[in-house]
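Quick note, this note's numbering runs 19 ahead of the 1-based positions in the sequence shown.
C-beta: ideal position from N, C-alpha, C; glycine also.
It should be emphasised that the depicted structure is a prediction, and the values quoted were computed from it without experimental measurement.
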Amino acid sequence: MHTTMLPIFDGHNDALTRVCLPASAGGRDFFARGESGHIDLPRAREGGLAGGLFAICAPPDKAERAFEFTTEIARRFFELLDGAGGALRVVRTVRAIEESMDAGTLAVALHLEGAEAIDPGLESLPRFFDQGFRSIGITWSRPNAFASGVPFAFPGGPDTGPGLTPAGTSLVRACNRLGVLIDLSHLNERGFWDVAAISTAPLVATHSAAHALCPSSRNVTDRQLDAIGASGGVVGIPFCTAFLREDGRTDVTTPISAIVRHVAYVAQRIGIDHVAFGSDFDGATVPRDLGDAAGLPRLVDALRGAGFDEESIHKVARLNWLRVLRATWGA
Ligand code: ZN
């Protein structure tokens with residue numbers, strides 16, 4: 020079967036947190052085609068990955084020093100950007116993403132995964148905003164000053180603890196005011212409903228699959244899906260096998276069709292306008308048949324093979340993200 024290149028905007032990857040480490044800590048060359056991990060520039064180009072939300076996430080052992088960790092990864096990333104000869108671009112508007120796609124540069128929207136790097140008084144928020152961060156996941160899978168994340172559990176549900184703290188409520192309001200995307204993936208269910216009650220932006224889970232198909236605590240329930248759809252938001256389906264499979268196992272032999280099944284379920288439940296990709300590349304074990312960013316055309320072909328028409332495929336691959344980002348960012 021022939022494969023087709025289609026520009027893809029992806030809702031979540033952890034490439035920066037992997038690439039922008041010292042070489043001694045496993046940092047990779049972003050400009051050379053590598054074998055390890057999932058994203059570098061050559062493989063992004065090969066697979067049509069035109070851009071996405073690029074996360075910086077302080078790992079568990081760095082959570083206490085998340086500000087320093089995030090600042091250091093961001094510093095290394097901007098160094099890498101300076102040396103990229105225009106091959107990638109930090110995007111703060113959808114127009115910039117579209118220009119970037121036309122120019123064949125990789126569009127990097129900076130995402131803070133877990134708000135630990137921000138102080139509860141939000142004094143550091145403008146600094147991250149000025150640096151280019153336009154998306155914040157309130158929590159990773161742990162509690163912080165703003166809310167509580169879902170611990171990983173299978174089988175398990177997302178209703179695992181308290182909702183937003185007063186600082187969390189202030190963070191949501193500040194993000195609304197600034198036009199920063201609020202990501203609900205990793206947040207527990209009470210936190211989700213607290214955000215839903217106050218946020219003026221479309222609800223977004225950048226990398227969560229359907230709980231009805233895979234009862235992982237990290238996935239979103241039908242009620243959550245319905246709220247996301249009703250708000251005009253979007254769910255990015257992750258390629259993480261443990262969030263896709265009925266048995267919740269991490270298993271590289273999981274077929275690409277497992278991703279398609281979640282896309283189809285969400286599309287059937289809340290509409291094709293509300294489902295997209297949230298790969299979790301460089302942060303998860305993905306199907307071997309997909310492999311890495313270079314394998315994205317095989318996913319597009321699998322959607323086509325499952326009966327998705329071209330218009331629907333363009334929505335899932337890119338247009339739904341662009342619509343939601345435009346509504347959230349305001350440009
Ligand atoms: Zn994540």
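Original post:
So which of ALA325, GLU54, GLY45 and ALA85 has the shortest CA-CA distance to ALA313?
Top reply: Indexing the sequence shown from 1 puts residue 313 at position 294. The residue with the shortest Cα to Cα distance from ALA313 is GLU54.
Original post:
What do you reckon, is the C-beta of HIS205 under 7 Å from a heavy atom of ligand 1?
Top reply: Numbered from its first residue, the sequence shown carries residue 205 at position 186. Yes, Cβ of HIS205 sits closer than 7 Å to a heavy atom of ligand 1.
Original post:
So which of LEU72, ALA106 and LEU263 has the shortest CA-CA distance to PRO61?
Top reply: Along the sequence shown, read from residue 1 onward, the residue named residue 61 stands at position 42. Its Cα nearest to that of PRO61, the residue ALA106 stands out among LEU72, ALA106 and LEU263.
Original post:
Which whole-angstrom value describes the C-beta separation of HIS230 and GLY156, a residue pair presumed to lie in contact below a C-beta threshold of 8 Å?
Top reply: The sequence position of residue 230 within the sequence shown is 211, counting from 1. The sequence position of residue 156 within the sequence shown is 137, counting from 1. Not a contact, Cβ separation roughly 18 Å.
Subject >> Three-way DSSP call (helix, strand, coil) for LEU341 in this model >> reply: What you label residue 341 is simply residue 322 of the sequence shown in a count that begins at 1. DSSP, read as helix, strand or coil, puts LEU341 in helix.
**OP:** Would you tell me roughly how many angstroms separate the C-alpha atoms of CYS39 and LEU338, rounded to the nearest one?
**Re:** Indexing the sequence shown from 1 puts residue 39 at position 20. Indexing the sequence shown from 1 puts residue 338 at position 319. A direct Cα-Cα distance of roughly 29 Å separates CYS39 from LEU338.
Original post:
What did DSSP end up calling GLU132 once you bin it into helix, strand or coil?
Top reply: Within the sequence shown, numbered from 1, the residue matching residue 132 stands at position 113. DSSP places GLU132 in the strand class (E or B) of the three-state scheme.
**OP:** Please go through the segment 117 to 190 and give each complete beta strand (DSSP E) segment of 3 or more residues, from N-terminal end onward.
**Re:** Whole beta strand (DSSP E) segments, 3+ residues: 125 to 132 and 152 to 156.
Original post:
Touching or not, the segment 231 to 248 and the segment 268 to 287, by the rule of three or more beta carbon pairs under 8 Å?
Top reply: Touching, yes.
Original post:
So, ILE27 versus LEU344, is the Cβ gap smaller than 8 Å?
Top reply: Mapped onto the sequence shown, residue 27 falls at position 8. Mapped onto the sequence shown, residue 344 falls at position 325. No, they are not a contact pair.
Original post:
How long is the line joining the alpha carbons of GLY210 and ARG242, rounded to whole angstroms?
Top reply: As a working note, residue 210 is residue 191 in the sequence shown. As a working note, residue 242 is residue 223 in the sequence shown. Each residue's alpha carbon lies about 14 Å from the other.
Original post:
Just to check, is the beta-carbon of GLU118 closer than 7 Å to a non-hydrogen atom of ligand 1?
Top reply: On the sequence shown, residue 118 is found 99 positions in, with the first residue counted as 1. Because no heavy atom of ligand 1 lies under 7 Å away, the Cβ of GLU118 does not count as near it: no.
Original post:
Which residues share a DSSP beta bridge with PHE296?
Top reply: Translated into positions along the sequence shown, residue 296 becomes position 277. Answer is ILE256.
Original post:
Is there at least one non-hydrogen atom of ligand 1 closer than 7 Å to the beta-carbon of GLU132?
Top reply: Working through the sequence shown from its first residue, we reach residue 132 at position 113. The answer is yes for GLU132.
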